[in-house]
Each structure stands twice: as structure tokens, then as C-alpha cells.
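In full-length UniProt numbering, the protein residues as written are 1 to 1138.
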């Protein structure tokens, strides 16, 4: 525990005004864990000499090996300033983009954040990401500009140049914050405008538009970082020093006799000191004078580095030490590494922990200062508004804001993640110092065991003597231990076996992983063994309040409320980095660990004693899990262990996903290559503890169609002759189709079911790119619409709140604006379904004449017309479309950006028997005559005409189910199944009738590299099919920032190759960005004269799309059209024949 006792921390936990919950956020390698080490060392938990080297909060072995943080770790620190004691709950978070989910779990539990920026690299991609996460969670950040020593040692800047460089970094950070603030204000303005429009404002003829965006009235003074506001610290954590200008203002106010308030305003800015007039004046830059910050602050630090590190001037160092009043140990002053001496001086003169913790205590909010806006945002799941919540739920807002810790306050706890610890790390399982009595007992037991062994050896050596000779075991002077007796020679082996079993049990218990919930108390007091409600993400407090009786407590039997469970809390823990300390109770405003929740919480949850408490909004994850591998045990008999291990991994990792595919494969989905490696290591060493085999990464692709190309592969315009050649090639392909499939010149595919009872006509059309992106971004809204439509079909009603309805209306309006033109006329209103899984980026459009079915937008219609009805087997058409979009014909991957238009649907169904036609089982002759059935011919035109042979089913009716289904089953199976299969095949053939393309998942890649290795970076990118979008040089440095896109399929091993080729001078960050169409046709063969001239008859160049497609087909066990020797006359290289 270091210098601070557990009792002291428990006492501080009861003072919410003096608690600071904060996390450390930054880009990878900007010094988060080093700074955390310095703060931990200030409490005496680790030695200050080891700060930055030990990486105390990186407790995993792979974190130490890689040198990056992979998980969020919390520790509680004590700090005194201004006569007040503060409790700092510090959470260190990862900077690598693969582990951004861990950042989300940390940010949710905090009220403030320390954002660290490297003084050389400045604002990096992940810096922007963490600032955005802090903004979304409404937590207040403070800034630490770290690694200022690099400006001296690496960039060789003067103090004046360093000041200019630091100003630019500050501007970059404030620009990011400003853009976030602007977007928020504009969003609020747009919401107000829509409300006014809906309320009918401005319809009186005098429409006056306010062109102001609302930015002028908004107060953003406290949002930005500025040293004079006390929210910026300049530091070098590795050398142990850091300062805010408040420290120097206080220091120089005594020396110079200038008030500290004046110095605070002038130390940072365009001010200089007029030595003659002894005044601080403005206009340092225009007059060519040294700014006050350079003169009074940076010059002193630069001269110290010059004396200690660069020149190693002992006399000057001694002068500096005497002037600063610093004493250094003789061992440090004689050390061969000058940085040791520098650290010893600086850590006494300007300790970084003091500067940072003082800023944290003064500038970051306590749990009592939580903003009302943040509380409302946490309590409003989905599109719900706070004023729409039940009254009792709204009353909880006061408990949040007041951070109540009395017995009457409801307990509200949020669990952001579950993390696994070895049972040996739990406090109750740790070895404690033995008392004198326990030591005496152990000595006695040891003596008894020694006596037993001695007796056993003597019995084995002595010749066998019958006991009748009067010699017993007790007479031989060996007494059995108390409570035991010798009954024969088998006693000792039995005793040994019992000891072995006990030892095995202990080993098994030690190797077991226990899950602890990483949580924060927002209201009330949490006690060990307390009964609470665990609320799932779909829990509705209004429904809970209705079903639970008045005055129901958690001790009563829980009613059947969906998405709610009742349980007892296990042990409560104080999180101290690698250590855990057991607690009896934890009041509001504190971060804690809760044991025994693994059976109730999967990843995150809300815990409360009040059924009125809503579930908190889900965490915002920056990274999307996209890298997937199939996993199997090396020994098949160990499959149960693998399944159990994957369940534990799924619970322990906030971002990892575990799936079982239809093929039976166990698939692990992760955010990136480093994350994948960590998950596999955890499976092998912690959770499954078996040898496992992982497949090569399963690369996701999508299939789509495009408009017919106007140029060939050599960018020559397709003339009439070339088009004829292409059409001839298409016709050759279509000649392979079955007899039941017909394709016309426009791409309309007509297909008949196996029993010839139905004919379907489908056409495939590529969707505009904007529509595809819109559908993909609004998949949750489309899912809500589909749930509403399904409930309407079943005769139920599903309530949708007003905000969601507005969002659906906005989606429809955007679709109508994007889908313009003759072929898309009124297509939005004729959408039949979305797919796959009823919410994907593909649509089915109803272009049947005379068939008007209920719209998918019926949740928006105020007066829903009951005249519109579902045609029988409507659902079979939708099911066939869903199956077709789920796995395309190219390589069984989902479709994307395809519109299927159903233009023909004719059915010849058995006529419904009338009263005179009905036969009884007793009339077999008549039954035989009627067995063939009477077929009535119907068409789409007759569907509305009331033909008896066509059954039209009203919405919510089950009339179709009452039809005599036995007449619709033949040797080909049920007719509904045949229709599903026909629709699926028709969609596939319609898809193949158009130019097909593969879509690849793309990463946005940001690489920071120096000028010397820029060419090598470009070489690696081009080799892996990457495309550079932007390249810019950071001002004042030799670092280039390259922005590129890279296919996910080519990204594996990319980071390692970049580092090898550039000797570690370039480091990439990969974030999933979008899906992109691969321009090359996977089925392309030379057809035009120019293509034959350029590529030859064999088309030797590599077709990227074909390579990806064949790779997927081979992995799935599908047919791959490849020959071992395709062209025997083609020259082979010797390397292939080795």
C-alpha cells in the first residue's frame, strides 16, 4: 500500500468533494504509463528510480514485452494540497487503436481526463479519437505536453524555437476541441429548427431566417487549453520533471516582487520583461524580444540540460544545484549516465507528480460537480428523451447530482467491463504473516510427520514379526498422532494419497480465473452481500415499475420483469494496480471492483436497488471488430475446454466477439492484429489452457454489381464491335443456365418453380453509393422498422417514440433525395424488404402491376389503410430475397448495394373446393377423380380482381394458414419452400446477368515517418495494394504524416514489415474505414483487340479480385476453376520446379 494506509483511503472515500476520478488518455507511445509510474511513485508504492522503467500498471507479460498498454488498470492515490487531502482514482488506458474499447470502459467511469501529447509528434490520430471520446462522455480534460526533453536532445531546438513549437501544439489541440464544440452547437441548432418547423412556426407568411449559427451566444471559454488557466502542464515524465506556470509565477513573484496574479496572465503570451523599466510589456514578437515564458522558464531548463547532459560541466552543475537548493546522492552524481543525475535534480526541483496532481485537484471536477447534461445523457438509452422517462426515474437525477451516500439513497452502479484475475491475486487467498500460536502448531505438525516417516522406514527395514509376541506399535516407542491410530501397513499410502488429492485441489483452485466487475458507484452505498437488480440494456423502467408491486424491495421475490435479474453482491475490492484490497462498503463517487458477478454480467451492466433506474447508454467503441479467425483445439478431445475458454474470453474482453458458424466452426472476431494475438495468448495461457490451432485470418468481403463499363481494361472506349464481342461472351455464359431460367437482353431473369406452378421475374440494379452508405449507417433504425412491421402483421402494436419516428422520417427523406431519376420513381414507397437479415444495405422493390402491399414505412403513416393486404406466399418471396443477399454467387459472401426488382409473379394454384366439390373419405372414387386438383390460371393483373384461385390475406390474418396445405405439397416438397428456392435462384441469376464486382474491407492507415524512410514506406504500401491519399509534413519537425487506405486482406504483417523496412522509424495506425469496390472484374477474359494486344490470349497479369475470390472459395470448400497446367507452352521458371 505504500505510505498511505488502507484506513486513510477508506476515510477519504466518504468525502466526495475531495475525490477525483480520472483516466490518462493519449496516442500510443506518448508516455501515459511513464507518467502513471511517476504518480504512483509519489505515494511510495514504487521507487522513484524505477518510474518509467517498471511500468507498474502494465501487469501483463505481453504488455511488458511489447512496451504498450493493452488494458485499463486503476489505482487509488492520496495527495495533499492546500491543507486538504484528496483521493485520486487514476485509470491508465491503452493508446493503441486495437484497444480503444478499453479506453471507452475507462472514460465512462471518470469525471475528468489527463490528455497527454508528445511535444515532437503533436496531435496524432488517436489523440483526436480520445478527445472525441472524452467529449462524447462529457468529461473535462486537462493537458500534459510530455517529452519536452526530445525538443532539446532530438530536434536540437533553441528555447525560442521550442516556445513557438509548443504554441503550435496547443493550437492543434484546441482546434480539435473547437471542431467538437462547433459540431455540437450546429447539431442543437438543427434540432431546434426541426422543432419549430414541426410546430408550424414561420407559416404566417413572414418567414425570417436567422443566419447566425448560435456560436456567438455559446460560451466556450472554459473548453480550451491555456497555461494561464492552469489546465496545461509541460513535462518530461521519463526525466521526472513537470511544471505549470502557476509554480513559476509563485516562484518569481517572491524573487522579482511582482504579484503572482500579474505573472500568471503574462508568463504565457506575447509579453516580455523590460529590464530597465522593470515592467512587463506587450509586443515581444514585434519588438524582437524574448517572451517571458522563454526568459524565465525555458532558458533555465535548457541551461540545465546543457550543463548536465550535453557538456557535462561539473562546476556549472554544482552551481545550479546550490542555487536551486537541491541535494543529490554521491552515487547519482558519479553515475556514468548523465540522465540519472538530471533526473535526480529535476525530480526535486520540479517534481512532475506535484504539478500534475495539483492541476488535477484544482481543475478537474469532483463527483459532486457532475453536469446535469451528462446525467440525462447516461439515463437516456437509444432515442429516448429524458422528459419521456417515468417520474420516479427522473427523480433519480437528483441522487446522481448530489452523489448521495446515505442509507435512503438508491444504489446506482455502472459496470463498464469484467476483468479476470488469478485466484492467487485475491486478498482472501494471499498469505498473511503467521502468529506465534500458528507457528507453534506448524512446528508440532512437522514433528508428527517426521515421526511417521521414521516409523515407516523402521517398519520397512525390520524383519516381519507377529504381533502375538507381545510387541505392539506403542511399545516400540512410536506414538501415533493425536486422533489417529495405526491400523496396519496400508495407513501410510492412504495418508499420502489424501495429501496428493488436497494438493491437486489447491493447484486447481490457484489456476482458476475469477472475474471482477470494474465499476463506479453513482449513488448510495454499496455493501458486501447486498441484494441488487442487474439491469440489461433492453430493460424498460416503466415496465419494471408496473410489474413490481408498490414498495417492493430487492429482498422480496423478483417478479418476472424482462431484462432484469436479482443477485447478491460478492466481495468489494479497492483496485490498486496489480494488488486488490478487500472492502466492506463503498460510498457514492468511487471506483471499485465487485466479485461474484460473472454469472450475472457478461460485459457491462447497470446495477441498482431501484426498479425505476434505467440502464445506462451503451459504451462508444471507436474500433470495429473485423479480423476473424477460426479456432480449434490441437487435440479434439479438448473441445469442451476450448468452448469454456472462449466463453471466459468473451466475458473478459470488451471488444472481442465469439461466434459459432453454421459450419460448426468456432470463430473469434477481434479489432486488429495485435488484439488478435493477445486474445489467442489469453486462450492458450489463461482461459482454455490448451494448445489451439488458429486459421489464417478470415477476410470479410462483399459482393456487388456495377453499371456496364464504357471502357475496356486498357481504357479504350468500347465501340460497336467490342460491345458485340462482350454480348457474345455473355450469351455463351447464359447458355449454361438450366431450362427453367430465361434471361432477356435487359437483364430480366424469369424462373419457374420445379412443379411449374409459379413463375418469377427479377431484375438486379446497382444502388447509388450514397444510398448504400445511408442504409449501412442506419441499420438500427431499419431493424426497428422491421420489428414494428412484423408486430403489425401478427396483429400486435409496438410503440415507437417520437424521436425514432423523426429519424425514420429523415431516413426516408434522404433516400428519396438520393434515389432520383426515371428508373427510381416512387421506388422508396415500393420497398418490399431490406436484406440480409431484414436490415442490410440491399433492397427488394415491388414492381408488380396490381399488387399493393403494406409499406415498410407504415410506422410513419398516421392513418394506416386496411385496404392494403398481403398476397399469399408474400413471406416466401421475402425469405428467398434474404437468402440470396446473405450469400452471393461469387464466393458465398453477403451482397451490398444491390436492388432486386420483382417484376413478374404468376401462380397456378389449386382452386379452393366449394361446398359441392368437398369429398368425404368414404367416397374413394370421387376422391380419385379430384386428386389431380383443378388449377386456375392467375396473373398479377388478376391478383386484385378477386379471382378465386388466388388467395389474398389481410394484414394480421391467418387465413393463409387455414388453406388446405396438403394440396400444395408434391414430390418437390412444400410449395412455399419451392417459391423460396425459386426467388433465391432468380436473384442469383439476375445478379450474375450484370457486371459483378467484389468489395473489400478497407483500413484507413496513418503512418508517421521521417524523410529518410519515406520511400520505403511508399514501397511497402504499393506492394500491399495500398493507396496514398495525403502526405503532409509537421511544421518544425522532420516527421511526415502519410494518410492511405489499405485492404484488410493485405494488412496482416503490415506493421511488422513497415518497422523492419524503416528500422523502426515509421509506425502505422490502422482503423476500419469503409467498403470499397475492387475495380477489376474477377471473371474478366480478353475480348477486344486492344486487350488481346496488351494482355495476350492467356492474360498473364494478376487479377486481384480473382485472387481474393478464389481464396475465399477455397477456404469455404467451393469449386475453384483452376488447372495445374493451363498453358503447357508457357515458360516456367526454375524456381517453381525445385
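In this text, a Cβ means the ideal position worked out from N, Cα and C, and glycines have one as well.
Cross-strand partners of residue i (DSSP beta bridge)
i            : result
residue 145  : 117 and 234
residue 104  : Paired residues: none, contrary to the question.
residue 388  : Paired residues: none, contrary to the question.
residue 1010 : 1039
residue 565  : 534
residue 241  : 236 and 351
residue 1005 : 1044 and 1070
Cα-Cα separation between residue i and residue j, rounded to whole angstroms
i            : j            : result
residue 1073 : residue 178  : 24 angstroms
residue 378  : residue 515  : 25 angstroms
residue 264  : residue 372  : 32 angstroms
residue 1058 : residue 125  : 18 angstroms
residue 778  : residue 10   : 47 angstroms
residue 664  : residue 627  : 19 angstroms
residue 12   : residue 669  : 42 angstroms
residue 563  : residue 812  : 32 angstroms
residue 385  : residue 375  : 12 angstroms
residue 849  : residue 822  : 17 angstroms
residue 254  : residue 237  : 27 angstroms
residue 428  : residue 62   : 27 angstroms
residue 1153 : residue 536  : The chain is shown from 1 up to 1138; residue 1153 falls before or after that span and cannot be answered.
residue 799  : residue 829  : 22 angstroms
residue 6    : residue 1112 : 58 angstroms
residue 992  : residue 758  : 22 angstroms
residue 619  : residue 300  : 45 angstroms
residue 412  : residue 398  : 12 angstroms
residue 302  : residue 113  : 29 angstroms
residue 223  : residue 230  : 12 angstroms
residue 249  : residue 345  : 21 angstroms
residue 181  : residue 225  : 14 angstroms
residue 156  : residue 281  : 29 angstroms
residue 444  : residue 633  : 48 angstroms
residue 835  : residue 1085 : 32 angstroms
residue 88   : residue 51   : 18 angstroms
residue 645  : residue 523  : 35 angstroms
Residue j beta carbon less than 9 angstroms from that of residue i
i            : j            : result
residue 393  : residue 614  : yes
residue 93   : residue 148  : no
residue 360  : residue 22   : yes
residue 70   : residue 678  : yes
residue 754  : residue 97   : no
residue 340  : residue 1069 : no
residue 297  : residue 35   : no
residue 109  : residue 534  : no
residue 586  : residue 629  : no
residue 354  : residue 328  : no
residue 107  : residue 26   : no
residue 273  : residue 304  : no
residue 594  : residue 519  : yes
residue 317  : residue 330  : no
residue 1035 : residue 168  : yes
**Asked** Is there contact here, the region 689–698 with the region 630–641, by at least three beta-carbon pairs under 8 angstroms?
**Response** Verdict: yes, contact present.
**Prompt:** With a cut-off of 8 angstroms, do at least 3 Cβ pairs link the region 43–53 to the region 131–149?
**Reply:** No contact exists between the region 43–53 and the region 131–149.
**Asked** Whole alpha helix (DSSP H) runs in the region 326–411 with 4 or more residues, listed along the chain?
**Response** Counting only unbroken stretches of 4 or more residues, the alpha helix (DSSP H) elements lying wholly within the region 326–411 are 330–333, 338–349, 352–363, 372–379 and 391–402, in sequence order.
**Length at least 3, wholly inside the region 53–106: the beta strand (DSSP E) runs in chain order** = List check, beta strand (DSSP E) in window: 73–81 and 84–92.
**Prompt:** Is it true that the region 1004–1023 meets the region 1042–1050, where meeting means three or more beta-carbon pairs spaced less than 8 angstroms apart?
**Reply:** Flag = yes, the region 1004–1023 and the region 1042–1050 touch.
**Prompt:** Hey, is the region 77–87 in contact with the region 985–1001, meaning 3+ C-beta pairs nearer than 8 angstroms?
**Reply:** As far as the Cβ criterion goes, the region 77–87 does not touch the region 985–1001, which means the pair count is below three.
**Message:** Measuring CB atoms only, is the region 597–609 touching the region 648–658, in the sense that at least three cross pairs come out at less than 8 angstroms?
**Reply:** With the rule of 3 Cβ pairs closer than 8 angstroms, the region 597–609 counts as touching the region 648–658.
**Request:** Could you name each continuous alpha helix (DSSP H) segment of 4 residues or more that falls completely within the region 634–718, going from the start of the chain to the end?
**Result:** Taking only runs of at least 4 residues, the alpha helix (DSSP H) segments lying wholly in the region 634–718 are 639–652 and 673–682.
**Prompt:** Could you give the uninterrupted runs of the alpha helix (DSSP H) lying entirely in the region 822–910, keeping only those of 4 residues or more?
**Reply:** Entirely contained in the region 822–910, the alpha helix (DSSP H) runs reaching 4 residues are, in chain order, 874–886.
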